[in-house]
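Trainee:
There are 4 protein chains.
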Amino acid sequence: MTVSRVTETLVRVNYSETDQMGVAYHARYLVWLDIARTEHLRQCGASYRELEAAGLRLVVSEVAIRYRQPARFDDLVRVRCWVREVASRRVTFGYAVEHAEDGRLLATAMVALLALDAAMGLARLPKQVGALLQPVPDPVALGLTSETQRTSRA
Amino acid sequence: MTVSRVTETLVRVNYSETDQMGVAYHARYLVWLDIARTEHLRQCGASYRELEAAGLRLVVSEVAIRYRQPARFDDLVRVRCWVREVASRRVTFGYAVEHAEDGRLLATAMVALLALDAAMGLARLPKQVGALLQPVPDPVALGLTSETQRTSRA
Amino acid sequence: MTVSRVTETLVRVNYSETDQMGVAYHARYLVWLDIARTEHLRQCGASYRELEAAGLRLVVSEVAIRYRQPARFDDLVRVRCWVREVASRRVTFGYAVEHAEDGRLLATAMVALLALDAAMGLARLPKQVGALLQPVPDPVALGLTSETQRTSRA
Amino acid sequence: MTVSRVTETLVRVNYSETDQMGVAYHARYLVWLDIARTEHLRQCGASYRELEAAGLRLVVSEVAIRYRQPARFDDLVRVRCWVREVASRRVTFGYAVEHAEDGRLLATAMVALLALDAAMGLARLPKQVGALLQPVPDPVALGLTSETQRTSRA
Numbered sequence: 193m194t195v196s197r198v199t200e201t202l203v204r205v206n207y208s209e210t211d212q213m214g215v216a217y218h219a220r221y222l223v224w225l226d227i228a229r230t231e232h233l234r235q236c237g238a239s240y241r242e243l244e245a246a247g248l249r250l251v252v253s254e255v256a257i258r259y260r261q262p263a264r265f266d267d268l269v270r271v272r273c274w275v276r277e278v279a280s281r282r283v284t285f286g287y288a289v290e291h292a293e294d295g296r297l298l299a300t301a302m303v304a305l306l307a308l309d310a311a312m313g314l315a316r317l318p319k320q321v322g323a324l325l326q327p328v329p330d331p332v333a334l335g336l337t338s339e340t341q342r343t344s345r346a
Numbered sequence: 193m194t195v196s197r198v199t200e201t202l203v204r205v206n207y208s209e210t211d212q213m214g215v216a217y218h219a220r221y222l223v224w225l226d227i228a229r230t231e232h233l234r235q236c237g238a239s240y241r242e243l244e245a246a247g248l249r250l251v252v253s254e255v256a257i258r259y260r261q262p263a264r265f266d267d268l269v270r271v272r273c274w275v276r277e278v279a280s281r282r283v284t285f286g287y288a289v290e291h292a293e294d295g296r297l298l299a300t301a302m303v304a305l306l307a308l309d310a311a312m313g314l315a316r317l318p319k320q321v322g323a324l325l326q327p328v329p330d331p332v333a334l335g336l337t338s339e340t341q342r343t344s345r346a
Numbered sequence: 193m194t195v196s197r198v199t200e201t202l203v204r205v206n207y208s209e210t211d212q213m214g215v216a217y218h219a220r221y222l223v224w225l226d227i228a229r230t231e232h233l234r235q236c237g238a239s240y241r242e243l244e245a246a247g248l249r250l251v252v253s254e255v256a257i258r259y260r261q262p263a264r265f266d267d268l269v270r271v272r273c274w275v276r277e278v279a280s281r282r283v284t285f286g287y288a289v290e291h292a293e294d295g296r297l298l299a300t301a302m303v304a305l306l307a308l309d310a311a312m313g314l315a316r317l318p319k320q321v322g323a324l325l326q327p328v329p330d331p332v333a334l335g336l337t338s339e340t341q342r343t344s345r346a
Numbered sequence: 193m194t195v196s197r198v199t200e201t202l203v204r205v206n207y208s209e210t211d212q213m214g215v216a217y218h219a220r221y222l223v224w225l226d227i228a229r230t231e232h233l234r235q236c237g238a239s240y241r242e243l244e245a246a247g248l249r250l251v252v253s254e255v256a257i258r259y260r261q262p263a264r265f266d267d268l269v270r271v272r273c274w275v276r277e278v279a280s281r282r283v284t285f286g287y288a289v290e291h292a293e294d295g296r297l298l299a300t301a302m303v304a305l306l307a308l309d310a311a312m313g314l315a316r317l318p319k320q321v322g323a324l325l326q327p328v329p330d331p332v333a334l335g336l337t338s339e340t341q342r343t344s345r346a
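Protein sequence lines correspond, in order, to chains V, Y, U and S.
Position 140 of the first sequence, counting from 1, maps to 332 under the numbering used here, and the rest follow consecutively.
Position 148 of the second sequence, counting from 1, maps to 340 under the numbering used here, and the rest follow consecutively.
Position 53 of the third sequence, counting from 1, maps to 245 under the numbering used here, and the rest follow consecutively.
Position 136 of the fourth sequence, counting from 1, maps to 328 under the numbering used here, and the rest follow consecutively.
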């Protein structure tokens, strides 16, 4: 089976997400990244609900995000998501947030997650999960400040 | 007048901020950083409410955050905040999020903001505002992935 | 043109919406009601984005909600929405929140909104907007505490 | 020991809570009520964190809220909270949300909670908890639509 390694998830900006500048509040993008990651995992055959039920936790250990253009109320936003790196205890995702209609790039981001067990202790990513997560080169330059190269920590 | 250049703001983790892992959800930290930044500005003599009323907007252009230990429901959290850099159109803040009772470091972060005018066009940071924002060296190493040095972009 | 007077909108419970009881946090339902109301208006031919651009504001003046069963992470939730009453300055919506897969009723609610102008002063609901909003009898008993009959205030 | 039966909790409206109307988004009030309820319980000698650790859950079963005037960014808001009724499985709280500086009434509300056990099954409110929660007559008329009298359900 071939799965698309860069998945796309649509979210529509709702009123609660706007702020008094008339744009989507910056912290909401992290929720959109989370929604896109959950869909990416699902499309890779790894339902996060099932992973948690099986005792795995993926907790966010680092986020970097660059905001380029604002999203507005009722805009349909497309979040492209891919795996950047898989290590024994850590997975890193890349994201491009785009305006769904005109394709403008709204934000780029990376999120690193650590594998924990149900008691929130450090764990190894199960091999069958790691096998489902195929890294791809960034399809878009993330342009994060001073992120000069990918890290190999894990 | 001498003002403390590293301010401290307390937030208590409320129930809405927890997730089903039993910890504060990661996107909430960005709101805490925002609250701390607003208090920092106030203590520096620059009420953000008044800055907006005068036509200035400070919009978040970049965030990087590293999560170190979880915060839990009802925990009192202390956010230390300082200015890292001031440029003609851009201000960068640094943050250390700590458990207020035992001092454990929960997260470190940087947030960059751009000055915009009321029409959301690029603007210069007013001189009198820039003068209130005195950069200090990071009191805590932020340890952000691959942020190898401070940037001088603006 | 005949439009369905009870519209249906799907929302999937994301991780940020869960709390440490392992269920969707109660305040999030109000956001789902807002999303469903926006879609209801759109399907009735009254885009809320366009209404705002034309100077109208619909602000929430009252909410009553009864929670019956919890929603959980990754559940697909269906929000049924209808107009209960239209008065000169006020519109009231009814809602049934259901589990999309098994149809269980999760919550029932009413939300009343007042028409304001762009300066946030009381306004009349434009006739052409009121004409698009056709009240229907509640398809589900809302069962709100002591709401013994519909009100006729406005 | 005499404790104040109407407690007061301050919250400051942060930027994330505003929406593009320039006011605090209506769903955020439910979070403020939650924060005030947690403080009320604490002041009554019943830390909710400890109640949960002891196996009790108080889940929101009903909310009714009437919005009277908007709160704005950086406003300091005072939430007055009291117990309206205590029954064997159910506690009802009343609230008045006020502008802290000028005392204007911003909203009134009631929230009913059910006692559940750690497995989320119906439970009785422990007697020692019930004893700490002393109902008082509403100090402010809540003015909720059609709430014609207090209920005696439980």
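Even for Gly, the Cβ is constructed at its ideal location relative to N, Cα and C.
1. For Y:Tyr287, go through chain V and note every residue whose CB falls closer than 8 Å to its CB, in chain order.
2. Quick one: grab the DSSP three-state call for U:Gly295.
3. Do Y:Arg270 and Y:Glu200 have their CB atoms nearer than 8 Å?
4. For V:Arg164 and V:Leu325, what's the separation of their Cα atoms in angstroms?
5. Determine the burial state of S:Pro262: buried for a count of at least 16 other Cβ atoms within 10 Å of its Cβ, exposed for fewer.
6. According to the Cβ coordinates, are S:Tyr217 and U:Ser253 closer than 8 Å?
7. DSSP three-state label for U:Ala346, please.
8. For Y:Val223 and Y:Ile257, I'd like the C-alpha separation in whole angstroms.
9. Can you tell me the Cα-Cα spacing of U:Ala311 and Y:Asp330, whole angstroms?
10. Using the Cα positions of Y:Glu277 and V:Leu336, report the straight-line distance between them to the nearest angstrom.
11. Rounded to the nearest angstrom, how far is the Cβ of S:Leu314 from that of S:Leu306, given a contact under 8 Å?
12. Mind checking which residues open and close the beta strand (DSSP E) that includes V:Arg258?
13. Is DSSP giving S:Leu243 helix, strand or coil here?
14. Out of Y:Tyr221, Y:Leu243, Y:Arg264 and Y:Val255, state which residue places its alpha-carbon closest to the alpha-carbon of Y:Gln320.
15. For S:Gly247 and S:Ala279, what's the separation of their Cα atoms in angstroms?
16. Quick one: list the residues of chain S neighbouring Y:Val223, beta-carbon separation under 9 Å, in chain order.
17. Contact check, U:Ala219 vs S:Ala288 under 8 Å by CB: the rounded distance?
18. Grab me the residues of Y:Arg197's own chain with a C-beta within less than 7 Å of its C-beta, minus the 5 sequence neighbours each way, in chain order.
19. Are Y:Phe285 and Y:Arg229 close, meaning C-beta to C-beta below 8 Å?
20. Relative to the C-alpha of U:Phe265, which candidate in V:Ala323, V:Glu293, V:Leu308 and V:Ala245 has its C-alpha closest?
21. Considering only their Cβ atoms, is the gap separating Y:Leu268 from Y:Glu293 smaller than 8 Å?
22. Just to confirm my understanding: we take V:Ala299, look at its own chain, exclude 5 residues before and 5 after, and list those with CB closer than 7 Å. What are they?
23. Pull up the distance between the alpha-carbon of S:Asn309 and that of S:Arg234, whole angstroms please.
24. Just to confirm the assignment, what range does the beta strand (DSSP E) spanning S:Thr199 have?
25. Label U:Leu225 either buried or exposed according to how many other C-beta atoms from any shown protein chain fall within 10 Å of its C-beta, with 16 as the threshold for buried.
26. Is V:Gln212 closer than 8 Å to S:Gly214 when the C-beta atoms are compared?
27. If you follow the alpha helix (DSSP H) that U:Arg220 is part of, which residue opens it and which one closes it?
28. Output needed for Y:Ala238: all residues of its chain with C-beta closer than 6 Å, excluding positions within five of it in sequence on either side, in chain order.
29. Scan the stretch 239 to 264 of chain Y for residues whose Cβ lies nearer than 9 Å to a Cβ of chain V and list them as they occur along the chain.
30. For the alpha helix (DSSP H) that Y:Leu314 lies in, which residues bound it at each end?
31. Can you give me the Cβ contacts of V:Leu250 inside the same chain, cut-off strictly under 8 Å, excluding the 5 residues immediately before and after it?
32. Measure the C-alpha to C-alpha separation of S:Met302 and S:Pro318 and round it to an integer number of angstroms.
Mentor: This is what the structure holds:
1. Within chain V, no residue comes near Y:Tyr287; the closest Cβ sits about 13 Å away, beyond 8 Å.
2. coil
3. yes
4. Since the displayed chain V opens at 193 and closes at 346, residue 164 of chain V lies outside it and no answer follows.
5. buried
6. no
7. Summary for U:Ala346: the model assigns pLDDT 35, below 50, so the residue's position carries little reliability, and this model does not support an answer.
8. 12 Å
9. 44 Å
10. 17 Å
11. 7 Å
12. Arg249 to Tyr259
13. helix
14. Y:Leu243
15. 19 Å
16. Asn206, Tyr207, Ser208 and Glu209
17. Not confirmed; about 19 Å, so no contact.
18. Trp274, Gln326 and Val328
19. yes
20. V:Ala245
21. yes
22. Tyr221, Ile257, Arg258, Tyr259, Arg260 and Val289
23. Note that residue 309 of chain S is Asp in the sequence shown, not Asn. Distance between the alpha carbons of S:Asp309 and S:Arg234 is about 20 Å.
24. Thr199 to Arg204
25. buried
26. yes
27. Arg220 to Gln235
28. Val321 and Leu324
29. Glu244, Arg249, Val251, Val252, Ser253, Glu254, Val255, Ala256, Ile257, Arg258, Tyr259, Arg260 and Pro262
30. No alpha helix (DSSP H) contains Y:Leu314, which DSSP labels as neither H nor E.
31. Tyr240, Leu243, Val283, Leu305, Leu306, Ala307 and Leu308
32. 22 Å
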